[in-house]
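Okay, structure first, notes after.
There are 4 protein chains.
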Amino acid sequence: MQLRHMNQFIPLQGIISENLPPDKHLGEADMSTIEISKEEADPDEKERLERIKNKPLLVECFNLFDFEFVARHVMKKTAWAYYSSGADDEITMRENHSAFAKIWFKPRILVDVDKVDYSTIMLGTRCSAPFYVTATALGKLGHPEGETVLTKAAHTHDIIQMIPTLASCSFEQIRDAAVEGQTQWLQLYVNKDRSLTKRIVQTAEGQGIKGLFITVDAPQLGRREKDMRSKFGDIGAHEQRSDNDVDRTQGVARAISSFIDPSLSWQDIPWFQTITKMPIVLKGVQCAEDAIKAVEYGVQGIVVSNHGGRQLDYARSGIEILVEVMAALRERNWQDRLEVFCDGGIRRATDIIKAIALGAKGVGIGRPFLYAMSAYGVEGVERAMLLLKQELEMNMRLIGATKISDLNPTILDLKSIGTHSVPTPTDVLSSQEYDGLLVPKSKPKAKL
Amino acid sequence: MQLRHMNQFIPLQGIISENLPPDKHLGEADMSTIEISKEEADPDEKERLERIKNKPLLVECFNLFDFEFVARHVMKKTAWAYYSSGADDEITMRENHSAFAKIWFKPRILVDVDKVDYSTIMLGTRCSAPFYVTATALGKLGHPEGETVLTKAAHTHDIIQMIPTLASCSFEQIRDAAVEGQTQWLQLYVNKDRSLTKRIVQTAEGQGIKGLFITVDAPQLGRREKDMRSKFGDIGAHEQRSDNDVDRTQGVARAISSFIDPSLSWQDIPWFQTITKMPIVLKGVQCAEDAIKAVEYGVQGIVVSNHGGRQLDYARSGIEILVEVMAALRERNWQDRLEVFCDGGIRRATDIIKAIALGAKGVGIGRPFLYAMSAYGVEGVERAMLLLKQELEMNMRLIGATKISDLNPTILDLKSIGTHSVPTPTDVLSSQEYDGLLVPKSKPKAKL
Amino acid sequence: MQLRHMNQFIPLQGIISENLPPDKHLGEADMSTIEISKEEADPDEKERLERIKNKPLLVECFNLFDFEFVARHVMKKTAWAYYSSGADDEITMRENHSAFAKIWFKPRILVDVDKVDYSTIMLGTRCSAPFYVTATALGKLGHPEGETVLTKAAHTHDIIQMIPTLASCSFEQIRDAAVEGQTQWLQLYVNKDRSLTKRIVQTAEGQGIKGLFITVDAPQLGRREKDMRSKFGDIGAHEQRSDNDVDRTQGVARAISSFIDPSLSWQDIPWFQTITKMPIVLKGVQCAEDAIKAVEYGVQGIVVSNHGGRQLDYARSGIEILVEVMAALRERNWQDRLEVFCDGGIRRATDIIKAIALGAKGVGIGRPFLYAMSAYGVEGVERAMLLLKQELEMNMRLIGATKISDLNPTILDLKSIGTHSVPTPTDVLSSQEYDGLLVPKSKPKAKL
Amino acid sequence: MQLRHMNQFIPLQGIISENLPPDKHLGEADMSTIEISKEEADPDEKERLERIKNKPLLVECFNLFDFEFVARHVMKKTAWAYYSSGADDEITMRENHSAFAKIWFKPRILVDVDKVDYSTIMLGTRCSAPFYVTATALGKLGHPEGETVLTKAAHTHDIIQMIPTLASCSFEQIRDAAVEGQTQWLQLYVNKDRSLTKRIVQTAEGQGIKGLFITVDAPQLGRREKDMRSKFGDIGAHEQRSDNDVDRTQGVARAISSFIDPSLSWQDIPWFQTITKMPIVLKGVQCAEDAIKAVEYGVQGIVVSNHGGRQLDYARSGIEILVEVMAALRERNWQDRLEVFCDGGIRRATDIIKAIALGAKGVGIGRPFLYAMSAYGVEGVERAMLLLKQELEMNMRLIGATKISDLNPTILDLKSIGTHSVPTPTDVLSSQEYDGLLVPKSKPKAKL
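Chains as they are written, first to last, in full-length UniProt numbering: chain A, 1 to 448; chain B, 1 to 448; chain C, 1 to 448; chain D, 1 to 448.
Quick look at the structure:
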């Protein structure tokens, strides 16, 4: 078990930590904050093992939510908490998906939709569908083979994978898991030590990585209370806690934060352009003004994203930002000067289609593939991708679109996208005094 | 018990039935559709009697909702169902109160509010507060003394009472329960036989009634399924029902409907103006167009109302209609050419203040007084009125108003009044997969 | 039992399958995916039979929801799942009804409503009310006599029935169940083999069918997960499933889809106009642009519809589309150049009245009649129709309308129809920390 | 125990009651309405003491809601009811926090946020963060040392405290608990006897108080039914109540109200300006018109506030008023002519940031610090302040702001702030008939 824990930060010993000065290395002590080994007798753990034994058949997973359901029941509690948590009250995290419900379709009929082709080109790579595996940290929390599971499934389905800086597997392991010619991108946290950053970027480019996604929405890693509370419980089960424990739960976040340079700014962009020929994409743009700036700085792309709702609560959903960003770009006729991607809350092909119709080149999917991986390994991820493709084909047909370029804003009803409806607090007395309508009663028994 | 049942329709034997041709009389058979006498052993009834014994002290009723709560638990089921039911899905019935939540206050500060006077004049009568007891049918379902209970409480608080055509007490009984000089109005259902209607109107005028409220929103009485189902259950408890029972449950409504003339129209208004000098008020106006017409026909007032949500479902709330009606009247500078009243959903003094600030002369309150009466008799109604007055004084002070004429639209935020928000159906899977944030856990026990 | 299964696809052996080349026939194997015969000892089935024995009396069904309630409890699970399921998260399916709640009434008072006539003319046929039985597949899942049950009830009430391509009864059976002169329409799925389609259309016309409704919103049949899951459970109860079962649950949809031609397009419309004199109606129009096109192509009508929410999730409700379509037609003064119908979510006469007032000639009702049929057979469907008519009469009176042509947009408040309100995710901690107001407590017992 | 009760009104014996004429003194009789001593054997009390013993470790409180949770479980019921209650249906009280959810962020990326400084200046005092401890009554209900607990924590964190007129500790005690140079403000209820008011103000100024906050939203103290009901229960547990108890529960409010002068008006403002040199701030401004007037009267500041939702229900939230007020000030270019503060519903640093970005100089926080104090004493309040500061630093970074002056309206999405969404009443039958989607089932056991 310890070995596994030690491996969880191999990436930091791989692409990153081999370049880190020794005092920045994350030692074993930090590891313990991620997961505490449990004794055999732990009744929660026993129940979990029982649930694993009886987990639903993979073929009963009909949509991405089903993987989340299974993962929640078979994953270790701390791992689940780490994957599933978001910032503060997790409003943004949930808004990410629910914002899609503000956009409705205006399908076209009587279009010949015999053949539907949803393949597309992202940053010069043709791929089978307009979604990609976005970067997420610590894959080994969900599966012993970590991110390489995603690499394999991505290959099966001809889908691009973005390799995370904070992977559990080393960069080399993930790269090696890919087949010849399989496109991967690199997600980058920028270090205070720019020479280290330079080495990471150039190593990646040398190994054939096709895109550099610089994370710009995380100068500091978010506080995720569900995650913090989960660790607390874990610690508490083994020893009497004291009020001096204040910050034990923030270990990893702090360690990681020390790795990320909060002074990163627009002034650094030209430098990146000198050290690599890879297309540069800013991951985490959240308003039109910054999208315009991105064009002005000459980057090749942006991802409208709020980091899966894990950073700033009440940051708007990617899909809502996308509407604003595309309007600003189109106003200047700049919509072709960079590629716009979108992530956060994608669960259905209808979500993907909405983003593409608004102008995104592709959408990133993170947690759902982690859940599929945690629940069923590579077959799980493959089925998740298959389901999305089946939905894509079906829904494009039903919308009257046969190819990606048929998807444009005229098929969308966008009237409600900018609205944040907050119900007036419930009138408690009035509601509970109300005596609801009843259904018909069963037939009375005849008297004897 | 039978006696009480027979008395329930005395009004029809009083002001109305004495004038009804014999074949229109409602016989005993119809009575049975209202309430079936229960055997002593009925366990529901036993529990109800227990609840009556333990009912909360009157002084624990702090607001009108509390009376509704108590009434619901101490009233006979069929009586409760008759009072509390509304049309179809009871959307309008509930909207009536909840619509007030769309209007918010913009209070003024630093106004000398030492003395607050909320007395007002309605149809020429000065009264202590801008609300009146509106007409509701079948008072004896809630209390053996029926509408006269309301008469007494109205006197105590110097509040006007509107006498219903379909009262359980006779017109004379209700009139006699009033003290010398106590103002009462008459609510009128118009009969096909206009000579009968004429006699009713002139009898009332002769006895000093000060206003004639002609119900114009009920050419046919509404279908109230909660009420229908309640009667069904009752019948079913005693005999084997058959599919031939189809219409037994509609007995009273049908009988009453045969009394109401559905051909009543604007053409009849001039005739009413020839037979009485009482101010004529049209009760049930539901849009600006008809309010304008009312002015043109020269009536003295209108009640914007949807009949307590008992007639047409998805009819708008009185308070929403009021906004539209006052805007149309003010546009023509006609706001002083008739008095506008409003009813439906009034439960708090803030509701009253909103209506008055919009331009209503007064508001009608029906069910809450019936509930107070059913739960605690005359003391209940008196306390209900007292609570409203206490709230009125307090809230006028907090708004910065010392008299009725200080209440005007500038103290209201009306931006949301015209909105009917219907939440998009819940994304069931997404919602139930969400794992909510947790509260802190109790301190773990120290290990021994 | 097997016989019944075999009969379920008679239509395909009737109007369709007699014309199908043998390799397209749906064999018995496919049937098994619809329903698996259950052993006598199945406890679920035993409970269901018990519920059937005690099902509520028909006269206790006061509205269409009540039939749905009874059907849900007496139908076989798989049959219920097939009828009640919708696409993806079933958002559109539920939105269909709830969208009506965005439209409110502005009733007119003092109109002589003694006589109310809600009869109307649709595609040249006078009928008793502005609704029709729309086409729904597989009627025998709900009742052994299948669609002929609907035919009989439709006759009783002088209501038009639309015969589905995918009926369980053969076209001839359904036609024969009709009386002389009873109007029926045909719903058509267009086959790849146009000569087959031609034969179907001309057979229908020859037998007196009065309208051809070409389904244009289903180039592929939707994925309905509730239905898929229900079948899975059923299969699982009998044999150990394996991960190779992936697609067993999609059997019927796939088979049917192979029958439907996804290449059907506007170019085919002129050809239809050459092969029949029946009025041609496009069923499934979902935006103004396509309604305009329909006029340009010279068809006689359109149905604004999203296929009961069974195809594309987040397709807008029929009633919302209707608003957009009528506005576009009126802008060009084309509102009389074709008849507009509307279906989806109709449950109350108020729903019907809203659609008619917006400009629809009639509305289609599907599931509610299936539920009434499944629960109570022909009497059930008759009562469902009767209830709608009673509601229609009542509500037209209450609105101040005496005939269909009195219903127009001035009686509607449409301000909220285009809004898709998605509540901001609940602030979990804030909500659960809130300590709600309490009701009064029972009287304390006196101390001894 | 009695001693503690007697101490609860020391403030009235301190700054206020020493100046009160004897007949205005609040005697012991009134005290009994606040809290009735409980017998040892009270089972509720026993459970509470048990909960206190097991209360969560302070370090498990990760946000302000957590303190509310703990306080609710460890406080005496009557104390909890007094702190947590609001006016009428407590709509405004809850709206105060939920209104913040109508404002969303538009963060800026690639800003150097290495150093974040959220210190600011309020009324001339530099302090560590843009929030202050606002005035709340009766601190000893929550902690035996009352308001001095807040004083100490405020000092630790360099936060300004506003001393309440209705404190449980005397003014001198609170002043003495402060260290040399620690800034405190005074909240003032104005007495009918202006010479008394003058003495209070001048005493405060003499003792170094740096701001005078005159409460203008409470000419009469609100009716809080949760509080009233809680006292009733308490009384009832000990003696048989009678219907004569009507007003026992209103004792304190009435007593206090007699102390507050409801005739206070704008005419009094010039007089205040003659008796003190302290900056004068009007606490409780609720619309733009009064904010403009405040500038015209030359006061130094206003607090947009609705008194924590304890006075007028359906008064708008402070944050909504702030939007209106700042717009009106900026229109006249008066935004620098007075300092605007905001209170009500602040629970997260994101709430603070929203208010500051709109133009507030600082925000007041009341109940959350009372809860932290009641649950954990001075350490609790200190941790509450620490958590807010940690959130402030994090969130300013994530927004791309390094100092208070970087916070301005361009980082906010304000489109929904003026909306009061009231959901249409639920369609009960339709909702309950809906059969939700299911999650995958556990794997069936293999047959033996």
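Ideal Cβ positions, reconstructed from N, Cα and C, are used throughout, including at glycine.
Remember, predicted model here, so these are calculated numbers, not experimental data.
Task: Residues sharing a beta bridge with F105/C, DSSP - done: A315/B and L412/C
Task: Cβ of F67/C within 7 Å of any chain A Cβ - done: no
Open item on the list: For the segment 428-444 of chain D, list every residue whose C-beta sits within 7 Å of some C-beta in chain B, in sequence order.
Closed with: V428, L429, G436 and L437
Task: Extent of the continuous alpha helix (DSSP H) run through Y82/A - done: K77 to S84
- [ ] Using three-state DSSP, classify G146/B as helix, strand or coil.
- [x] coil
- [ ] Would you list the one or two residues that DSSP bridges to D193/C?
- [x] Answer by DSSP bridge pairing: none, since D193/C is not bridged.
TODO: Closer than 8 Å by beta-carbon distance: list the chain C residues that pair up with V89/D, in chain order.
DONE: The residue asked about is misnamed: residue 89/D is Asp in this sequence, not Val. In chain order: L437.
- [ ] Pick out the complete alpha helix (DSSP H) segments inside the segment 173-231 of chain C, 4 residues or longer, and give them in chain order.
- [x] 194-206
Task: Residue nearest to D176/A in terms of C-alpha spacing, selected from Q207/A, I159/A and I160/A - done: Shortest Cα-Cα distance from D176/A to any of Q207/A, I159/A and I160/A involves Q207/A.
- [ ] Alpha carbon to alpha carbon, how far is G222/A from G318/B? Give it in angstroms, no decimals.
- [x] 49 Å
Open item on the list: Could you tell me the alpha carbon to alpha carbon distance between residue 449/C and V190/C, rounded to whole angstroms?
Closed with: Past the edges of chain C, shown from 1 to 448, lies residue 449/C, and the structure says nothing about it.
- [ ] Using beta-carbon positions only, say whether L188/C and T203/C come within less than 7 Å of one another.
- [x] no
TODO: Starting from the beta carbon of H97/B, find every residue of chain A whose beta carbon is closer than 7 Å, and list them in chain order.
DONE: S430
Task: Neighbourhood of K192/B by C-beta distance below 6 Å, restricted to the same chain and skipping five residues each side - done: D261
- [ ] Spatial neighbours of L186/A within its chain, please: CB distance less than 6 Å, with the 5 preceding and 5 following residues excluded, ordered by chain position.
- [x] I163, A204, I209 and L212
Open item on the list: With three or more C-beta pairs closer than 8 Å as the rule, is the segment 96-111 of chain D touching the segment 386-402 of chain D?
Closed with: Yes, the segment 386-402 of chain D touches the segment 96-111 of chain D.
TODO: Express the C-alpha separation of L429/A and L438/C in angstroms, rounding to a whole number.
DONE: 8 Å
TODO: Return the chain-ordered ranges of every beta strand (DSSP E) run that is complete within the segment 275-309 of chain C and spans a minimum of 3 residues.
DONE: Within the segment 275-309 of chain C, the complete beta strand (DSSP E) runs of at least 3 residues fall at 280-285 and 301-304.
- [ ] Tell me, please, whether the segment 369-376 of chain B touches the segment 61-79 of chain B by the rule of three or more beta-carbon pairs shorter than 8 Å.
- [x] yes
Open item on the list: For the segment 329-342 of chain B, list every residue whose C-beta sits within 9 Å of some C-beta in chain C, in sequence order.
Closed with: none
Task: E339/D: first and last residue of the uninterrupted beta strand (DSSP E) it sits in - done: Segment E339 to D343, the beta strand (DSSP E) holding E339/D.
Open item on the list: Can you determine whether any heavy atom of the ligand PLP sits closer than 6 Å to the C-beta of D193/B, and answer yes or no?
Closed with: The ligand PLP is absent from the structure shown, which contains no ligand whatsoever.
Open item on the list: Spatial neighbours of D435/C within its chain, please: C-beta separation below 8 Å, excluding the five flanking residues on both sides.
Closed with: none
Task: When H97/B, E47/B and A384/B are compared against D343/B, the one with the closest alpha-carbon - done: H97/B
TODO: Within the same chain, show all residues whose beta-carbon is closer than 7 Å to that of Q311/B, passing over the 5 residues directly before and after it, in chain order.
DONE: Closer than 7 Å at the Cβ level, and outside the excluded window around Q311/B, lie A87, D217, A218 and G222.
Open item on the list: Measuring only the C-alpha atoms, how far is Q432/D from S85/C?
Closed with: 15 Å
Task: Contact residues within the segment 40-61 of chain D, judged by C-beta distance below 7 Å to chain B - done: N54, K55, P56, L57, E60 and C61
- [ ] Inspect the beta-carbon positions of K443/B and N54/D and report whether they are closer than 7 Å.
- [x] yes
Task: Inter-stretch contact at 8 Å, needing at least 3 Cβ pairs: the segment 358-373 of chain D / the segment 278-287 of chain A - done: At 8 Å Cβ cutoff, the stretches do not touch.
TODO: Going by DSSP, name the residue or residues bridged to Y132/D.
DONE: G364/D
- [ ] For L150/A, count neighbouring Cβ atoms within 10 angstroms of its own Cβ and tell me buried if that reaches 16, exposed if not.
- [x] buried
- [ ] At 7 Å on the CB atoms, spell out the chain B contacts of N63/C, in chain order.
- [x] E225
- [ ] Using the Cα positions of H155/B and T120/B, report the straight-line distance between them to the nearest angstrom.
- [x] 16 Å
Task: Distance between A153/D and S43/D (C-alpha atoms, nearest Å) - done: Checking the sequence shown, residue 43/D turns out to be Pro, not Ser. About 34 Å.
Task: Residues from the segment 307-321 of chain A in contact with chain D, defined by Cβ distance under 7 Å - done: Q311, L312, D313, Y314, A315 and R316
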